[in-house]
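J.: If you're matching them up, the sequences are chains A and B in order.
So the first sequence is numbered by the numbering used here: it starts at 1 and just counts up by one.
So the second sequence is numbered by the numbering used here: it starts at 203 and just counts up by one.
Please see the structure below; I have some questions.
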Amino acid sequence: MNAKITAIYSAIEFIEKHLKDEISVGDIAASAGYSLYHFIRVFNQTVQHSPYDYLIRRRLSEAALELRASDRRIIDISMDYCFQNHETFSRAFKRMFAVQPSQWRSKKNVQSWLLLPRLSMEYLRHINKKDFLYPKPVAISGDNYVRFVHGGTEVTLHLTLNYIYHSWFPQSEIVLAYAIDAKHFEVDGNLSKMVALIPILR
Amino acid sequence: MQPFITKKPEMHLVGMSFYGDPFSTHGGWDGENEIGRVWARFMKYMGEKESELRTIIYPDALYEVHIYNEETIQKGIFEIFVGARLESIKNIPIELLIKTLPASEYARFTFEGDDISSDWYLSIDKWIAEAGYQRAHSFSFQFYDERFKGMDRISESILDVYMPVKLAE
């Protein structure tokens with residue numbers, strides 16, 4: 001498992017180095033020393049994003065940060081991150097952030113949790129622990145919830161929250177009744193497990 | 203790892219297919235990935251329509267075909283087709299697709315046990331390059347017969363992978 005994580009992390013480093021270059025998923029696979037097919041399998045299992053999805057989300061996230069930090073033209077920023085034209089960029093941007101790039105730039109508050117941060121080795125190790133549990137939809141007396149379990153103490157709770165916020169939530173079709181944070185986690189039975197149960201709107 | 207070089211005539215398969223990232227874990231809550239889901243869909247259909255399908259397919263073996271396209275290298279997108287060999291082109295139900303694999307020379311690689319879940323594409327491409335061959339078509343297929351005991355019994359299973367090849371130009 002560690003060799004797998006190390007290989008995938010090297011792929012993530014390769015992606016980060018080339019956010020502004022034209023690279024293919026084939027190039028990323030080669031950087032990790034896997035065949036394309038096997039790489040896609042291992043990357044999905046380890047990161048919980050497909051490699052192409054991760055690449056696009058990282059490009060969009062960096063572009064989104066730059067939109068708010070600089071006055072540069074939107075088209076110039078989008079070209080930097082290898083989007084072929086304004087339309088392709090806007091469409092992808094809206095899909096990830098639910099607003100147009102211009103709105104994202106001018107809004108007072110943005111949903112910054114939709115940004116996908118660069119994933120760390122610590123994070124990859126955390127979500128690949130044997131006892132790491134993915135969120136699960138559950139029904140309790142007719143009402144629908146998503147059940148989040150954090151195996152571990154409060155020290156690593158931020159890693160589980162990172163996964164929920166930046167990775168699981170943006171990829172799911174589920175809308176939670178309210179945003180989740182550390183205070184929703186309650187110690188469940190023994191001290192090494194914390195559970196949050198959040199109602200779903202749809 | 204020494205493959206067996208073999209020629210095969212044109213072959214018709216009937217089954218179902220998926221187009222996208224085959225290992226996306228976000229396609230739904232059931233099944234581990236899209237390949238598992240397309241297999242489950244096909245097997246369920248076969249189970250329900252067994253009597254009607256008996257005259258259409260050879261049920262002795264199943265095929266998983268990987269079809270590459272221009273988005274494969276770029277985005278990691280494949281077409282995955284699962285199916286069985288077709289006996290007659292008549293009466294194909296609307297739910298099923300037909301694929302024609304062209305006549306070709308193939309390198310057949312046999313994998314046993316844990317090697318089935320290893321990165322065999324890497325070893326195959328390495329062998330092809332070193333043996334002075336190249337891939338001949340934009341697909342390859344896996345052949346599942348009675349030697350394959352199921353995903354839960356990989357260690358006792360045997361799988362053949364067929365890669366269309368031709369001598370390098």
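Every residue, glycine too, gets a C-beta built ideally from N, C-alpha and C.
Contact criterion: CB-CB distance below 8 Å. Does A/Arg41 meet it with respect to chain B?
T.: Counting from one through the first sequence, the residue named residue 41 of chain A turns up at place 41. Yes, A/Arg41 lies at the interface with chain B (some Cβ there is under 8 Å from its Cβ).
J.: If we require 4 or more residues per run, which alpha helix (DSSP H) segments fall completely within the segment 247-333 of chain B?
T.: Within the segment 247-333 of chain B, the complete alpha helix (DSSP H) runs of at least 4 residues are 252-255, 272-277, 322-332.
J.: Would a check of beta-carbon distances place A/Gly26 closer than 8 Å to chain B?
T.: The residue you call residue 26 of chain A lines up with position 26 of the first sequence. Yes, because at least one Cβ of chain B sits closer than 8 Å to the Cβ of A/Gly26.
J.: Does the segment 334-354 of chain B come within contact of the segment 297-310 of chain B, defined as at least 3 CB pairs closer than 8 Å?
T.: These segments touch.
J.: Name the chain B residues that come within less than 8 Å of A/Asn44, Cβ to Cβ?
T.: What you label residue 44 of chain A is simply residue 44 of the first sequence in a count that begins at 1. Neighbours of A/Asn44 on chain B, chain order: Asp223, Phe225, Ser226, Thr227, Asn235.
J.: For a test of the three-state rule: what should DSSP assign to A/Pro137, helix, strand or coil?
T.: In the first sequence, residue 137 of chain A corresponds to position 137, counting from 1. A/Pro137 falls in the strand class under three-state DSSP.
J.: Under a CB-based cut-off of 8 Å, is A/Leu36 close to chain B?
T.: Taking the first sequence and counting its residues from 1, the one referred to as residue 36 of chain A is at position 36. Yes, A/Leu36 counts as interfacial toward chain B.
J.: Do A/Asn162 and A/Tyr134 have their C-beta atoms within less than 8 Å of each other?
T.: The residue you call residue 162 of chain A lines up with position 162 of the first sequence. The residue you call residue 134 of chain A lines up with position 134 of the first sequence. Result no, Cβ atoms of A/Asn162 and A/Tyr134 do not sit closer than 8 Å.
J.: Report the residues of the segment 324-342 of chain B with a CB closer than 9 Å to any CB of chain A, ordered along the chain.
T.: Listed in sequence order: Leu324, Ser325, Ile326, Asp327.
J.: For a quick check, are the C-beta atoms of B/His268 and B/Ile282 less than 8 Å apart?
T.: By one-based count along the second sequence, residue 268 of chain B stands at place 66. By one-based count along the second sequence, residue 282 of chain B stands at place 80. Closer than 8 Å, so yes.
J.: Taking only beta carbons into account, state which residues of the segment 133-144 of chain A come closer than 9 Å to chain B, listed in chain order.
T.: Flagged, chain order: Tyr134, Lys136, Pro137.
J.: Beta carbon of A/Tyr34, beta carbon of A/Val42: below 8 Å?
T.: Counting from 1 along the first sequence, the entry for residue 34 of chain A is found at position 34. Counting from 1 along the first sequence, the entry for residue 42 of chain A is found at position 42. Yes, the pair counts as a contact, with Cβ atoms nearer than the cut-off.
J.: Tell me, please, whether the CB atom of A/Gln48 is closer than 8 Å to any CB atom in chain B?
T.: For the purposes of this step, residue 48 of chain A is identified with residue 48 of the first sequence, where counting begins at 1. Yes, A/Gln48 lies at the interface with chain B (some Cβ there is under 8 Å from its Cβ).
J.: Using a beta-carbon distance below 8 Å, is B/Ile318 in contact with chain A?
T.: Indexing the second sequence from 1 puts residue 318 of chain B at position 116. With 8 Å as the cut-off, B/Ile318 does not count as an interface residue toward chain A.
J.: Taking just the CA atoms, how far does B/Lys246 sit from A/Val138?
T.: For the purposes of this step, residue 138 of chain A is identified with residue 138 of the first sequence, where counting begins at 1. For the purposes of this step, residue 246 of chain B is identified with residue 44 of the second sequence, where counting begins at 1. Straight-line Cα distance between these residues: approximately 26 Å.
J.: Please list, in chain order, the residues of the segment 264-284 of chain B that have any C-beta partner in chain A closer than 8 Å.
T.: Under the 8 Å Cβ criterion, the segment 264-284 of chain B contributes His268, Thr274, Ile275, Gln276, Lys277, Gly278, Ile279, Phe280.
J.: For A/Ala11, which of helix, strand or coil comes out of DSSP?
T.: Numbered from its first residue, the first sequence carries residue 11 of chain A at position 11. Here A/Ala11 sits in helix by DSSP.
J.: Run through DSSP, which three-state label would B/Ala370 get?
T.: Translated into the one-based positions of the second sequence, residue 370 of chain B becomes position 168. Coil at B/Ala370, not helix or strand.
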